Amino acid sequence: MSHGGGGSAESPLAAPQPTEATTAAEFTTALRALRMWSGLTYRQLEGKTAAHQDRLPPSTIATTLGRATLPREHFVDTFTRACGLGDDEVLLWLKTRHDIAIRATDEDDEDQPAPALGAPVRSRAPRWRRAASLLAATFVGVVGTVAVDAVVDRSAPASPSASPVAGLTIRPVGSWARVHPARTPELCLTEGRADHRAGAVAVQGSCADAPLPYAFIEPLGADVVQIQWHHPRHGIRCLAVLLGGPDRDVLEPRHECADDDPAQRFRIEPAGPPGATDVRIRPVATDLCLGPRDRATSAGAEIVQTPCSTTSDQVFLIEPTAPP
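Numbering (full-length UniProt numbering), first residue to last: 1 to 324.
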């Protein structure tokens, strides 16, 4: 199901607006909201940009949306059109970006001066009225999107023909979710630290104590997904299994999301009787299985890939949730 220009033209939901953004980070957050409103995956957005001879690879889109810096004007123009916005709406996004760039005192040298924005926009209402109407549109768009996503994500399990992941309620455009070890459902796949490395790794942690980052499951093919982490400060990162080096077999979050990277692709495989929601998660690059290191049940244990077995430590539950 699509929410905006990427789907049915009859969608009654207003697109998120950029006008409340006053910083580069807020503007990028608004772009992420627009992507979710569109209902399009990174790969679908790439196809729409390629159709206009202006291709944006999925990795470029994910990396740009994951940063807190101001995107280039060319990206904003191409991306907003791919999301389904018309000329007037695209112009509003470009104007907002232009205003933020002018105000910024530490503007990156790579940011090129914005050109003239072309013909004037429709006759302008008084400032207070414009602000009120845009704020209302933003509120309706965001709240409406959350409401629709919540209804869809909490619906009854989809039939195998309707879901890209057999046995799970995962929409074709992806779903927000919690990933639990089946034997310790109070724990969730989340971000943590390990003694042997400086960077973040995937661990099992208390769902209540570690609500961030939010997990988003994006289908890449039949029963194959990308596991994204969305964080208000760190942006979008994608889990990848390390295939070599001293940290081999651990999962790390990467800002460079690429749905054609085998290390970022995971096969979801049923691990229980028909109708059960138990699954194994298998990195496509190795076809091994994920599970806590040393079969640990405690919070903080790393999630690593190991040879597949019939033990319960390699069984997970993927629980769709309402959008954050």
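Note that beta-carbon positions come from the ideal geometry of N, C-alpha and C, so glycine has one too.
Remember, it's a predicted structure, so these values are computed and weren't measured experimentally.
* List the endpoints of the continuous alpha helix (DSSP H) containing Thr63. => Annotation: the continuous alpha helix (DSSP H) that includes Thr63 extends over Pro58 to Gly66.
* Asked: Between the beta-carbon of Val279 and the beta-carbon of Arg267, is there less than 7 Å?
  -> For Val279 and Arg267, no; Cβs fall outside 7 Å.
* Asked: Just curious, the beta strand (DSSP E) that Gly235 is in, first and last residue?
  -> First-last of the beta strand (DSSP E) with Gly235: Gly235 to Val241.
* To do: State the beta-bridge partners of residue 331 as determined by DSSP.
  => The structure shown has nothing for residue 331, since the chain only spans 1 to 324.
* Asp278 by DSSP, collapsed to three states: which one? -> DSSP places Asp278 in strand when its eight states are reduced to three.
* Asked: Counting Cβ pairs, one atom from each stretch, are 3 or more of them under 8 Å apart for the segment 191 to 201 and the segment 24 to 40?
  -> Short answer: they don't touch.
* Under the criterion of a Cβ to heavy atom distance below 6 Å, does Ala33 qualify as lining the ligand ADP? -> In the structure on display, the ligand ADP does not appear, and there are no ligands present to speak of.
* **As assigned by DSSP and simplified to three states, the class of Ser309** => If DSSP states are grouped into helix, strand and coil, Ser309 belongs with coil.
* **Span of the beta strand (DSSP E), counted from its first residue to its last, around Ser206** => Going by DSSP, Ser206 is part of the beta strand (DSSP E) stretching over Arg197 to Ser206.
* Under a CB-based cut-off of 7 Å, is Leu94 close to chain C? -> Chain labels in this structure do not include chain C; a single protein chain is all it has.
* Starting from the Cα of Gly167, find the closest Cα among Leu85, Thr306 and Ala271 and give me that residue. => Looking at the Cα atoms, Ala271 is the closest of the given residues.
* Asked: Is DSSP giving His98 helix, strand or coil here?
  -> Helix, per DSSP.
* Asked: Ala299 bridges to which residues according to DSSP?
  -> Ala299 pairs with nothing; no bridge assigned.
* Asked: Taking just the CA atoms, how far does Arg97 sit from His180?
  -> Between the C-alpha atoms of His180 and Arg97 there is a straight-line separation of about 39 Å.
* How many angstroms separate the CA atom of Ser298 from the CA atom of Cys207? -> The alpha-carbon atoms of Ser298 and Cys207 are separated by roughly 13 Å.
* **Residues of its chain near Ala21, where Cβ-Cβ distance is below 8 Å and the 5 sequence neighbours each way are ignored** => Only Phe27, Thr29, Ala30, Thr96 and Ile100 meet the Cβ criterion.
* To do: Indicate whether Trp93 and Pro323 have their beta-carbon atoms separated by less than 7 Å.
  => Going by C-beta atoms, Trp93 is not nearer than 7 Å to Pro323.
* **Cα-Cα separation, Pro307 to Thr78** => Between Pro307 and Thr78, the C-alpha separation is close to 44 Å.
* Do you know whose CA, among Gly221, Leu85 and Ala215, lies nearest Leu13's CA? -> In terms of CA proximity to Leu13, Leu85 leads the group Gly221, Leu85 and Ala215.
* Pick out whichever of His234, Glu218 and Pro273 has its Cα sitting closest to the Cα of Arg265. => Taking only the C-alpha atoms, the option nearest Arg265 is Glu218.
* **Close beta carbons around Ser309, own chain, < 6 Å, minus the five adjacent residues each side** => Sequence-distant partners of Ser309 (beyond 5 residues in either direction) whose C-beta falls short of 6 Å from its own C-beta are missing from its chain.
* How long is the line joining the alpha carbons of Pro292 and Arg81, rounded to whole angstroms? -> Going from the Cα of Pro292 to the Cα of Arg81 covers about 43 Å.
* Asked: If you draw a straight line from the C-alpha of Val151 to the C-alpha of Gly174, how long is it?
  -> Confidence at Val151 is low in this model, with a pLDDT of 33, below 50, so the placement of that residue should be treated as unreliable; the coordinate-derived value is given next. One C-alpha to the other measures close to 14 Å.
* Beta carbon of Thr277, beta carbon of Leu243: below 7 Å? -> No, Cβ-Cβ distance for Thr277 and Leu243 is not below 7 Å.
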